[in-house]
Each structure stands twice: as structure tokens, then as C-alpha cells.
Amino acid sequence: MENRRIIQVDEKVPVKLLIPLSIQHMFAMFGASVLVPFIFGINPAIVLFMNGVGTLIFMFVTKGKAPAYLGSSFAFLAPASIVIAKFGYEYALGGFVAVGFLGCILAAVIYKFGSDWIDIVLPPAAMGPVVALIGLELSGTAASNAGLLAEEIDARNVIVFLVTLGTAVFGSILFRGFLSVIPILIAVIAGYVAALLCGIVDFAEVAAAPIFALPNFSTPKFSLEAILIILPVILVITSEHIGHQVVTSKIVGRDLLKDPGLHRSLFGDNFSTMLSGLIGSVPTTTYGENIGVMAVTRVYSVQVIAGAAILSIACSFIGKLSTLISTIPGPVIGGISFLLYGMIGTSGLRILVDSKVDFSKNRNQALTAVIFVTGLSGIAVNIGNIQLTGMVLACVVGMILSLVFYVLDRCNLTNDKE
Numbered sequence: 186m187e188n189r190r191i192i193q194v195d196e197k198v199p200v201k202l203l204i205p206l207s208i209q210h211m212f213a214m215f216g217a218s219v220l221v222p223f224i225f226g227i228n229p230a231i232v233l234f235m236n237g238v239g240t241l242i243f244m245f246v247t248k249g250k251a252p253a254y255l256g257s258s259f260a261f262l263a264p265a266s267i268v269i270a271k272f273g274y275e276y277a278l279g280g281f282v283a284v285g286f287l288g289c290i291l292a293a294v295i296y297k298f299g300s301d302w303i304d305i306v307l308p309p310a311a312m313g314p315v316v317a318l319i320g321l322e323l324s325g326t327a328a329s330n331a332g333l334l335a336e337e338i339d340a341r342n343v344i345v346f347l348v349t350l351g352t353a354v355f356g357s358i359l360f361r362g363f364l365s366v367i368p369i370l371i372a373v374i375a376g377y378v379a380a381l382l383c384g385i386v387d388f389a390e391v392a393a394a395p396i397f398a399l400p401n402f403s404t405p406k407f408s409l410e411a412i413l414i415i416l417p418v419i420l421v422i423t424s425e426h427i428g429h430q431v432v433t434s435k436i437v438g439r440d441l442l443k444d445p446g447l448h449r450s451l452f453g454d455n456f457s458t459m460l461s462g463l464i465g466s467v468p469t470t471t472y473g474e475n476i477g478v479m480a481v482t483r484v485y486s487v488q489v490i491a492g493a494a495i496l497s498i499a500c501s502f503i504g505k506l507s508t509l510i511s512t513i514p515g516p517v518i519g520g521i522s523f524l525l526y527g528m529i530g531t532s533g534l535r536i537l538v539d540s541k542v543d544f545s546k547n548r549n550q551a552l553t554a555v556i557f558v559t560g561l562s563g564i565a566v567n568i569g570n571i572q573l574t575g576m577v578l579a580c581v582v583g584m585i586l587s588l589v590f591y592v593l594d595r596c597n598l599t600n601d602k603e
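Take my numbering: the last position of the sequence shown gets the number 603, and nothing is skipped along the way.
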């Protein structure tokens, strides 16, 4: 294979390359994706199953034109935790179904009226920093997973973190041929070996796990109060989805909002969330970690993503295998996340560069500045049981500010209207 050649969305990948690339994507999503079911107190096997199924559904709906892996959504953690404590997990599932259904309706509205409004509510000067914040606001999570924010830092964690990050960073620029497209997988393996040598891997859970096990399927229950607690999350996941599609578009060099269309990707995302609630899993969303993998490797083939989805489904039925993967230590996940989250941040800056945003104009300076400060300041706005903060709050502020600028332009009140 030609060194560092871009493998585009619709390209076929040889089996000898497909398998390690698919494993690489599965490892990238695994650490964060299984964290959500742990927080909710459910078996992660059902989540691995639904992540794979949801990804395949997303690919079918988007006609194989939008490379994206669907993992567990963190946006539901706060409201779902309230519902679980008050009503039980079954009623949280009902809320997931309701949010997914509403998202499908929103996708139909976008199909009817188009997505040109995105250029008005989120012009490049606003979209760039919003996309950058998707990665930047997760930087603390990467450091926390690596154990670098603890009061007493364990030297073993630092060693494993540095081995993982160093292999990923230098591997991305030094590896050639076949190795040049799997630096993330190689970094995970190197970090895992380092963790074994440092003695921070525990195989007790693997030994106790059954060889084969069915995922724990369950059905939802519905309560209007529970649904109303969770329903406002639709604002969060919609803005997150648009941001992910924009950054993926920039990475693969195709406008995914136009083809296959925002209505298709949004429908696939939300239909997966609705189905997740119906079978007892957690909501799904397009995953920033896997977007980062594509940015590093320049491999965008949906065939590779489909392979990762099939592997995830297989893991959900193999108890020892899924448990073994879950033993990947935090410093390894943190080391990989350091690079992947940063790649998402730089993709946001790329939007500003590629769109040739003119920062001699006060409006562009104001938009970008306010969005960055809002997203990184830690400000939070509570609407009922929903808390808007970070990238989501910055996105809402950017949309409002952009709409105000648009209205002022229409009234011929601005001094820099083109």
C-alpha cells in the first residue's frame, strides 16, 4: 500500500488491512463507551451489542456515505441519573425512546425545509470554535483517565501514559506502509504491554467471566414526568451531531450535510437511540474518538467502520473477550485520548483556515472569541434538570449571536455587511 495514502469513504479495503483497522476503531471507542453503562449500573454487553447494531443502521440510513461509529452518549448522564434514582432504569429507557423519536421527527423537518439555515445560525467563524471545543473540553477527561490529575500521581501511570502517547504521536509520522495506518492500535498494544510490565492490569474479572453470555435485554416503561426530565437533551445531542458531521466533512473532504444529508445522518443517529431504549441499552451518538482515528490515519472507509461494528456485536456475546478488553488501563485510554481529542480540536481550527475566515472583521473576532470563552470558562446554565455547559452552551450562544448579526444585516445596521 502506498505510504500514507488516503483511503476514501467508498473504497474497499483488503482483509489483511481491514481486520487491524477495524480492531483499532473498536479500541478507540471502547473505553468511553463502556463507561456509561458502568455509571448507570448495567452490564456493558448490551451496550456493545447496540453500538454495533446502531452503527450498521446508521450506515444503511446514510447509504454508506457518512463514516461514523456510534458509541454511548454522555449527554444523557445527568437527567437519566435523576430518573433512575426516582423511578428506575426502565423509565429512563422510556425517556431514551422519546428523545430518539423526537429526533427522528426533527430529521423529517430538516428533510422538508433543508439545512441551508446552518450557514446562517453557525457561520464558519462560529462553527470552527464550536467544533474545536468538542475535543478541547474533553482534554480534562483524557488527563483524568491517565491518572494525571490525582492528588498523588502514580509513576507507573505516567510511564504507561507516555509509552502510549509517544507511540501514537511518533508512530503517526515515522511508521511506513501498513504500520502507518494503524498507529492507534499499535499504541494501545504498546501501552497495554507497558501496563503489564508495571503491574497495573488485573485479570481476576477475566478469569471469573463466562466464555459466552447473552446481553441483558430489557424493555422500557413510560412516565410523562420521566420523559419530560430527559426530553430537553434533544438540544444537546442535535448540536453535538451537527458539530461531528461538520468536522467529519472537513476530514474526509466531502460535505456530509449535503450528501447523504443532515436529515439522513440525524435520523440514523436518533433511530439508533430509540432502538437502544427499546432493548435496554443506553443512547448512542457519533463518536469523537473514532473521528480522531480517521484524522490520524486518513482511512475513511465505511467498510472499516462496519468491521468495527461487527466486532463489537461479537464481543457482546463473548464474555471473556469483552471483559478482557475492559481491562485496558486508564493510562492507555488517556494516552490515546490525548491525541484523538486534540485532533478534533485542530479540525475546528482547520474550518477557520479552509473557510478563509476574515478576522479583520469585528463580527468574526467577536463570534470566535465569545464562543471559545463560553465553552472553556466553565459557565453553566440550568434549564430545569438540564445543564448546558461547555461546547453545547457555546454552540447555543454562537447560534443566538449569529442570528442577531443576521437580523442586523437584514436591517442594514451593520458596518461590515458584504
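Yeah, the Cβ is synthetic: ideal placement off N, Cα and C, and Gly gets one too. Values in this document were obtained by computation on a predicted structure and should not be read as measured data.
* Asked: Can you give the beta carbon distance from residue 387 to residue 508, rounded, assuming they're within the 8 angstroms contact cut?
  -> About 11 angstroms separates the beta carbons of residue 387 and residue 508, which is beyond the 8 angstroms limit, so they are not a contact pair.
* Thinking just about the alpha-carbon of each residue, which of 467, 532 and 594 is nearest to the one in residue 226? -> The shortest Cα separation from residue 226 among 467, 532 and 594 belongs to 467.
* Under the rule that 16 or more other beta-carbon atoms within 10 Å means buried, what is residue 437, buried or exposed? -> With 16 or more other Cβ atoms within 10 Å, it is buried.
* Does the beta-carbon distance from residue 497 to residue 203 come in below 8 angstroms? -> no
* Asked: Tell me the DSSP bridge mates of residue 566?
  -> DSSP, once it has assigned bridges, lists 573 as partnering residue 566.
* Can you tell which of 192, 306 and 247 has its C-alpha closest to the C-alpha of residue 587? -> Looking at the Cα atoms, 306 is the closest of the given residues.
* Asked: In terms of residues, what are the limits of the alpha helix (DSSP H) holding residue 470?
  -> Where residue 470 is concerned, there is no enclosing alpha helix (DSSP H), although the beta strand (DSSP E) it sits in stretches over 469-471.
* **Nearest-angstrom Cβ-Cβ length linking residue 607 and residue 353, presumed shorter than 8 angstroms** => Because the chain in this structure spans residues 186 to 603, residue 607 falls outside the shown range and cannot be described.
* To do: Give the single residue among 252, 415, 402 and 441 whose Cα lies nearest to the Cα of residue 231.
  => For residue 231, the closest C-alpha among the options 252, 415, 402 and 441 is that of 402.
* Asked: By the 10 Å Cβ neighbour count, where 16 or more other Cβ atoms means buried, how is residue 410 classified, buried or exposed?
  -> exposed
* To do: Please report how far the alpha carbon of residue 501 lies from the alpha carbon of residue 441, in whole angstroms.
  => 30 angstroms
* According to the neighbour-count rule (16 or more other Cβ atoms, all chains shown, within 10 Å of its Cβ), is residue 273 buried or exposed? -> exposed
* For residue 187, does the three-state DSSP call read helix, strand or coil? -> Only weak support exists for where residue 187 lies, its pLDDT of 46 falling under 50; the value from the coordinates is given anyway. Coil at residue 187, not helix or strand.
* Which partner residues of residue 397 appear in the DSSP bridge assignment? -> Answer is 503, bridged to residue 397.
* To do: Starting from the Cα of residue 405, find the closest Cα among 285, 280, 399 and 344 and give me that residue.
  => 280
* **Helix, strand or coil at residue 585 according to DSSP, with G and I counted as helix** => helix
* Tell me whether residue 484 sits in a helix, a strand or coil according to DSSP, three-state version. => Residue 484 falls in the strand class under three-state DSSP.
* In three-state DSSP terms, what is residue 545? -> coil
* Coarse secondary structure for residue 285, derived from DSSP in three states -> Assignment of residue 285 by DSSP, reduced to helix, strand and coil, places it in the helix class.
* Consider the C-beta atom of residue 518 and the heavy atoms of the ligand NAD; say whether any pair is separated by less than 7 angstroms. => The ligand NAD is not among the ligands present in this structure, which contains no ligands whatsoever.
* Asked: Helix, strand or coil: which one does DSSP assign to residue 451?
  -> helix
* C-beta contact flag for residue 391 and residue 212 at 8 angstroms -> At a Cβ-Cβ threshold of 8 angstroms, residue 391 and residue 212 do not count as neighbours.
* Can you tell which of 389, 447, 314 and 379 has the C-alpha that lies nearest to the C-alpha of residue 298? -> 447
* **residue 285 beta carbon less than 8 angstroms from that of residue 455** => yes
* Asked: What are the boundary residues of the alpha helix (DSSP H) that includes residue 257?
  -> Not the alpha helix (DSSP H): residue 257 falls in the beta strand (DSSP E), residues 255-257.
* To do: Quick one: using the 10 Å Cβ neighbour count with 16 as the cut-off for buried, is residue 229 buried or exposed?
  => buried
* To do: Pick helix, strand or coil for residue 231, following the three-state DSSP scheme.
  => helix
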